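The next block holds one structure in the form of structure tokens; read it before the comments.
Residue numbers (this note's numbering), protein chains in the order written: chain A, 1 to 161; chain B, 162 to 358.
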């Protein structure tokens, strides 16, 4: 084997292999079948943007635009049908939420259940500011003046020299 | 430090302030702990299921649909469910779905208690018919959803999924897990009892 592929041939083979490896994930991201795509590029972009916000319910941390699961493909098709009819993004997402609940949205809306989730950055910032202020304050407070006993001890230590 | 001596006044208030600051922290941790414990307890009893995807369908009337026949049964449509006088279990299945095949035995036992109507989800009619011939047919009626579009309107995310339909066509119970699980069967039994009054 080694003797067969040497020099330029080996380089070309390696380059080809690298190209295949690199293009594999790209192929997985794209819509499975180009015939799925809408003829109008503007509408296709809108459909892709909607699909990127919808969770694939089979492989739960992928969007339907990324997933090649059967249900994701079906939902992509539904999204494109609605977009082709001229519906706006909110209408399509509402249609999906009516069937699958808020779980289908990759970015959950603000509700009582998600309040802590959305509020956490602000909360963390507040906790940080409060602790910073407290630490800062503690550092700048001047220590209490020495008591008579402490002053005597200090003098004693000074005498040792 | 010098703990035997009475601490100066300033130090005392600092300690008190630190203790007061600890109260909300401890309280917050306590609330989180209780909430987490409740969540875990709910998952154990089945009252809380974070994986339950399509909760929205329960409490709603059945969606609009028409399903053609799937041998050996006859198809059905929205009107058939809306004119019901007794509860019916709708079960989405497929011959390519192993959990559905595992569920068949439980369905065959269950059909003695209430009628089960099947929907063959994205399945070739001959394959679905073959499965029912081989495993037994628990369904009183069977419709075919070849392209899976009716299932989307029901909020089905995978097979098997079952829905309990009350008389009048209201969806009152749903499970995305197979009925071969005793917990799911118990949950269905309770829902059925509530519907039958």
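Where a beta carbon is used, it is the ideal one built from N, C-alpha and C, also for glycine.
Just so we're clear, the structure is a prediction, and the values are computed from it rather than from any experiment.
Hey, out of the options, whose CA is closest to residue i's CA?
{"i": "residue 238 (chain B)", "options": "B:341, B:330, B:221", "result": "B:330"}
{"i": "residue 45 (chain A)", "options": "A:115, A:67, A:84, A:58", "result": "A:84"}
{"i": "residue 79 (chain A)", "options": "A:156, A:54, A:62", "result": "A:54"}
{"i": "residue 335 (chain B)", "options": "B:232, B:251, B:200", "result": "B:251"}
{"i": "residue 269 (chain B)", "options": "B:350, B:300, B:354", "result": "B:300"}
{"i": "residue 348 (chain B)", "options": "B:306, B:209, B:177", "result": "B:209"}
{"i": "residue 186 (chain B)", "options": "A:142, A:130, A:151", "result": "A:130"}
{"i": "residue 236 (chain B)", "options": "B:333, B:265, B:307, B:222", "result": "B:307"}
{"i": "residue 281 (chain B)", "options": "B:302, B:220, B:273", "result": "B:302"}
{"i": "residue 292 (chain B)", "options": "B:274, B:266, B:313", "result": "B:266"}
{"i": "residue 176 (chain B)", "options": "A:43, A:138, A:159, A:151", "result": "A:138"}
{"i": "residue 354 (chain B)", "options": "B:309, B:317, B:275", "result": "B:275"}
{"i": "residue 356 (chain B)", "options": "B:345, B:344, B:325", "result": "B:325"}
Taking 9 Å as the threshold (C-beta atoms), are residue j and residue i in contact?
{"i": "residue 319 (chain B)", "j": "residue 75 (chain A)", "result": "no"}
{"i": "residue 105 (chain A)", "j": "residue 218 (chain B)", "result": "no"}
{"i": "residue 284 (chain B)", "j": "residue 257 (chain B)", "result": "yes"}
{"i": "residue 249 (chain B)", "j": "residue 277 (chain B)", "result": "yes"}
{"i": "residue 107 (chain A)", "j": "residue 49 (chain A)", "result": "no"}
{"i": "residue 224 (chain B)", "j": "residue 315 (chain B)", "result": "yes"}
{"i": "residue 38 (chain A)", "j": "residue 52 (chain A)", "result": "no"}
{"i": "residue 327 (chain B)", "j": "residue 245 (chain B)", "result": "yes"}
{"i": "residue 182 (chain B)", "j": "residue 134 (chain A)", "result": "yes"}
{"i": "residue 342 (chain B)", "j": "residue 253 (chain B)", "result": "no"}
{"i": "residue 255 (chain B)", "j": "residue 289 (chain B)", "result": "yes"}
{"i": "residue 242 (chain B)", "j": "residue 346 (chain B)", "result": "no"}
{"i": "residue 146 (chain A)", "j": "residue 157 (chain A)", "result": "no"}
My guess is that residue i and residue j are in contact by the Cβ rule of under 8 Å, so how many angstroms apart are they, rounded?
{"i": "residue 339 (chain B)", "j": "residue 321 (chain B)", "result": "5 Å"}
{"i": "residue 296 (chain B)", "j": "residue 259 (chain B)", "result": "Contact flag wrong, Cβ pair sits at about 12 Å."}
{"i": "residue 332 (chain B)", "j": "residue 179 (chain B)", "result": "Contact doesn't hold; Cβ gap of about 55 Å is too wide."}
Since residue i is in the beta strand (DSSP E), which residue starts that stretch and which ends it?
{"i": "residue 327 (chain B)", "result": "322–327"}
{"i": "residue 331 (chain B)", "result": "331–336"}
{"i": "residue 281 (chain B)", "result": "277–282"}
{"i": "residue 304 (chain B)", "result": "302–306"}
Starting from residue i and walking both ways along the alpha helix (DSSP H), at which residues does that stretch end?
{"i": "residue 158 (chain A)", "result": "148–159"}
{"i": "residue 265 (chain B)", "result": "259–271"}
{"i": "residue 296 (chain B)", "result": "286–296"}
{"i": "residue 357 (chain B)", "result": "343–357"}
{"i": "residue 310 (chain B)", "result": "310–315"}
Please give me, in chain order, every unbroken run of the alpha helix (DSSP H) with length at least 4 that falls completely inside the region 53–133 of chain A.
List check, alpha helix (DSSP H) in window: 70–84, 89–100.
Whole alpha helix (DSSP H) elements within the region 172–251 of chain B, 4-residue minimum
Counting whole runs of 4 or more residues, the region 172–251 of chain B contains the alpha helix (DSSP H) stretches 239–243.
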